[in-house]
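A short worksheet on the structure shown next.
Protein chains in written order, with full-length UniProt numbering: chain A, 1 to 146; chain B, 1 to 146; chain C, 1 to 146; chain D, 1 to 146; chain E, 1 to 146; chain F, 1 to 146; chain G, 1 to 146; chain H, 1 to 146; chain I, 1 to 146; chain J, 1 to 146.
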């Protein structure tokens, strides 16, 4: 079973059960973005986590094993076309140089890790229209000099 | 004066004065990411804001006017090569489908605006290594049905 | 059932029934462009709308549910090759800077939303040859300053 | 004088005079989108029109002649990055198949001309936020069978 | 039946019958390039024409109907690799600016229509080697000024 | 002097003299498309031809020599954006497979040369609108078997 | 049977029979590169040649006919990734301008035909390591002036 | 002095002296393709060779030194547009798989080196039209197994 | 059996047996990177090596033969998206010019062979976090002058 | 002074002084690859290091300051054309999946950092031809689960 087949099996079971990522995340005891990312073949679960997810969805067979296997990550189009994803891409590209300068001002030469990294999505109420708040939280990695 | 020339003039003055975006942001009375984005030709200031910035940097001539002129925004490479920017791009692409599903679960069909949008960069102390925390905060826009 | 299968099922039923998008739009009580866009997997219907469409086409099973599921939108070729679509693309690209300036003159810095957006296609009689008139109608969104 | 130099000269004079495309359009006696498109090197003016524009802007030399010379049209990036232009591109791509079907239902096999074509930008008041309304109006051209 | 399946069915029958496009064109009463283009899913036939073609080839079922359905035209590679097609592409690109200038000298600002358009392929005898003569014949369309 | 500088010098002199390619072609004693193509750096003239052209335009210096030097031909964008050139590209791509089949039916396996090649542009009167007629005329080259 | 299926059938039979292109070329009475190119769907055989090849490989059905049918040639990746093919590509690109100049010095303005063309691959013994010697041999085609 | 400036200086002197690559190659005592490739910044000369070339062309200053400096090789367009270069590219791509198989049949798994490599261009007389014969001659490099 | 099917069969057997590349490499008597590369269709084994691998994995049929057949190597995306592979790509691109200069300083004009080449992956303990150490080891190939 | 100008100034002084990266590295007290990478605008030096380098090269003005400024890293072509760099790219792409699997076998899910990273180039004597040995040495970063 490859990761595409695993994702299809999980999404199918999730739809049939009518469960949200938030509900599944509670079952696994981890955060929703991370749990979803594992199911999309972008991260690996530990054995217990994979078991908890598959129990919640009634999945057996190769799914728990594949959830623990390191995937080859890819995302097809280098520029996303879906409007929700494009807006994220656009925000990163437009504000990229500003963010880069501020990281360097606050930390020196280095980057925000995308590996020692976590991410959250929240809904914040606002009388002018509720807001999507996405938090990117990565360890600062300074460049090594050698 | 076009926006590239404006950016060069501002960065040059900023370096000569040894000022940070945070210091300039205080002078303008706005947030650092936004002030930097205007200086990179990605947003427009109001007259007072442009004046405050130029006073702080000792800039005259066409700079204040150009800061108020709507720019044609672009970012060259569709996939950034600078490692700091690439990590942001990578995080967005890897977690994109997960974020998309969570927005739809919390809000229904629609997107996070990149126009009614704000963004912050923070340094968060952590004994295992301080962390870069970037907040994307945009109004939810539901798709219109007509 | 994914959105490609849904589109194929709907187009097949539409052809067999010999119905136009205009007729289907009347059944659903919404506009033709929007109804067609849902069927092409580019928008989501409410439950009643999906039911009305499927009743008109004699479709059952997963189609009504998939019509209500947020799709991942994409359009393959970044530059369309079909002549009708290419002419639309060409018109947007050739007149893009002019349109941009006029929006800024009339509204200030911001954009026309493609989310709070509607679109119509009309045939206008003309003695020199009837004309296709396409109306793009989106809410103006001013850039937030923060 | 090539068309890029012509555009730069016109935009410079327009800014110095503080005139809008609407004001210039009135001087020329044509519509604003079309007048702007000529100044961006995307269309050609007749001699009288070029003269009226240059008189309004105080321009002489090669500008009037270049305004009457057929340009080689191009727009650089095949997918625009400026958010205002990208939204237009996105709207055309997402609703393209729907628009195509409706044109064929109303007219048969053929296209909307981008040559025998006109375009308008309007501001429409709306209590929920004013709207940008863009009208694309092109002659229907049926495919010739031979 | 989509247009790819239609093309495959027609080419298969054409090969089995050992008929040329010229012979089929005679049956349909139209020119060979146009008849072939319909069979490649690049144009639509009228009902009589589709019937005549299918009778000649012994085809039934959905083929006649699909021949009358507006196709979504595309050609895959933006630059063709087949040597015969590449030479056509090369000739157009190398002589493009020259052809453009001559059209403008003879007609003014406008284009040759690719819609109100016809095309012929001929073999012309020549003692130094026979020649392929291809004629592109399209209506001149002047740009509208508005 | 490179070919870009040569082209600029010729176009400048041609504009100042107000001469057309047809008039220059008469001076050189060759056809207009070919003469223009040499001036665009896409073909080489013989010494007499280069001299005749430069005499007609009042050009001296390196121009006649550069007109006789083999250029490195290129055309920038692999897909042209100028509408007149795009229509030629589109016509070739849409009718390419049909033209290919007809050449093979009439000649066997081989191609139309783009080297032993000539091309003409004509205006043909037509009560429904005059037509642009472009003739591509190249020697048939059969594939060698070895 | 399309050309991909033909190639697969021939390669399969060749492997089962354990025959080399050189052995097959002897059976057909032509050179190995050319015979292999026909089998890869890049050239067409005459009836006798196709029959000889199929007899040697024990192939029947549509293979001999498809070997005689003009293929639509293509090679997928515009830059090859296989190291052997990439080295050929690299050699052509690095030495391209030098080769071009030498052809023009020896022949004048024109090209080496890739149609009236033959190619050989030889192994040449060398005490420092045997060498691959590839010969490209094409008719010189002078540009026509008209 | 970078390699582009060196190439420009050499080509300019070569044109002024009216010398061919063959004549220069004789002065340097090496083959014409290689000498030209050094001048195009694609290979490095030894000190004596650079001196001989510069003496023949009357060049001084940084040219001899730059001829000995390892260049960063590049060729711009990944697919060449000049017809002479495109034909070479096309021949390599069309016959690539055939050549690859023959190299493997004759040598086993490995490649033809493009580094321990030489290349010649010859004119071969032929009553049906003289032929361009290009020889690619590279050491066979077997893959190492480890 | 093509190389993709071979790879799938090997990976499937490897997973079922729960064997690592290191364990398989020991069975074959070669290094792990090389053994894995053969299984991914990027190198060819000798008969004994292929037999040893297939014995260890319980594979029969065409697998041993395909392991000995020269593959057509390719890697899909020219820029890898998987983060582990992207970091390798990034390191090569960022330090490329530095590495190039150092090779030329130490060896003169030439390259590191990727054919007479070996590669190792090691884990090196480090109190600040263990390190991945990858060694690229290729024969220096000097450019031939001819 | 931007980083391109800084690189040009350093390379120019380095050539005039006839110094190697190894000699400069000794002056700075760091490794040659890293020192070169700073000079190519790919890393930042500390104040002392920049001073030592500039003293060795006789450089003043903005160079030491620019060496300490965080650069925006980029490398132009996504696939390098220079043969030395291409071989590195090729080796990474061909052995990428094998390396990835071995890292996961030895460390679990994670990557080799390209930030906490060092790199060395060595010449290793070998009777069959000396070898280039390049060492990539980066900290292992495990994916965070959250």
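Beta carbons are placed, not taken as given, at the ideal position from N, Cα and C, and that holds for glycine.
- For residue 142 of chain B, the enclosing beta strand (DSSP E) begins and ends at 131 to 142.
- Pairing residue 64 of chain I with residue 73 of chain I gives a Cβ-Cβ distance that is not under 7 Å.
- Closer than 7 Å to the CB of residue 11 of chain A there is not a single CB belonging to chain B.
- Each of I:56, I:92, I:55 and I:102 was checked against the Cα of residue 113 of chain J, and the nearest Cα belongs to I:92.
- The C-beta of residue 81 of chain J comes closer than 7 Å to at least one C-beta of chain H.
- Residue pairing for residue 119 of chain I: DSSP places it in a beta bridge opposite I:136.
- Of A:118, A:138, A:128 and A:123, the smallest CA-CA separation from residue 103 of chain A is found for A:138.
- Distance from the CA of residue 16 of chain G to the CA of residue 44 of chain I, rounded to the nearest whole angstrom, comes to 19 Å.
- For residue 23 of chain A, the enclosing alpha helix (DSSP H) has its first and last residue at 21 to 28.
- For residue 144 of chain I, the closest Cβ of chain H is nearer than 7 Å.
- The alpha carbon of residue 55 of chain F has as its nearest neighbour, out of F:117, F:115, F:133 and F:10, the alpha carbon of F:10.
- Pairing residue 1 of chain C with residue 69 of chain C gives a Cβ-Cβ distance that is not under 7 Å.
- Between residue 47 of chain J and residue 32 of chain J, the gap from beta carbon to beta carbon reaches 7 Å or more.
- Within the stretch 32 to 51 of chain D, the residues whose Cβ lies closer than 7 Å to some Cβ of chain C are 32, 33, 36, 37, 40 and 42, listed in chain order.
- When the alpha-carbon of residue 57 of chain D is set against those of D:3, D:133, D:145 and D:7, the nearest one is in D:7.
- In this model, residue 140 of chain B and residue 111 of chain D are separated by some 36 Å (Cα to Cα).
- Counting only Cβ-Cβ distances below 8 Å, residue 26 of chain I has no contacts in chain B at all, with the closest Cβ about 35 Å away.
- Nearest neighbour of residue 120 of chain I by Cα position, chosen from J:134, J:130, J:77 and J:125, turns out to be J:134.
- Ranked by Cα distance from residue 122 of chain G, the options H:98, H:62, H:106 and H:82 are led by H:106.
- Residue 47 of chain D: member of the alpha helix (DSSP H) spanning 47 to 57, first to last residue.
- A straight-line Cα-Cα distance of about 33 Å links residue 85 of chain I and residue 3 of chain H.
- Contact annotation for residue 113 of chain B against chain C: 113, 115, 141 and 144 [CB-CB distance below 9 Å, chain order].
- Chain C places no beta carbon closer than 7 Å to that of residue 74 of chain D, leaving this residue out of the contacts.
- At a cut-off of 7 Å between beta-carbon atoms, residue 57 of chain A makes no contact with chain B.
- For residue 104 of chain B, the neighbours in chain C by C-beta distance under 7 Å run, in chain order, 70.
- Taking 7 Å as the CB threshold, residue 93 of chain B lines the interface with chain A.
- Shown here, residue 18 of chain G sits in coil according to DSSP, grouped into three states, outside any helix or strand.
- Measuring C-alpha to C-alpha distances from residue 146 of chain C to each of B:30, B:19, B:5 and B:18 identifies B:30 as the nearest.
- Across the structure, residue 25 of chain A and residue 144 of chain D are spaced so that their CA atoms are roughly 60 Å apart.
- Annotation note: the stretch 57 to 118 of chain B contains the following uninterrupted alpha helix (DSSP H) runs of length 4 or greater, listed N- to C-terminal: 63 to 67 and 83 to 107.
- Nearest in C-alpha terms to residue 142 of chain E, of all of E:117, E:78, E:109 and E:126, is E:109.
- Cβ-Cβ separation between residue 88 of chain D and residue 129 of chain C: approximately 26 Å, too far for a contact (criterion under 8 Å).
- Taking C-alpha positions only, residue 13 of chain J is separated from residue 126 of chain J by approximately 34 Å.
- Proximity of residue 109 of chain G to chain F, defined by a Cβ-Cβ separation below 7 Å, is satisfied.
- A distance below 6 Å between beta-carbons, with the five flanking residues on each side excluded, links residue 34 of chain C to no residue of its chain.
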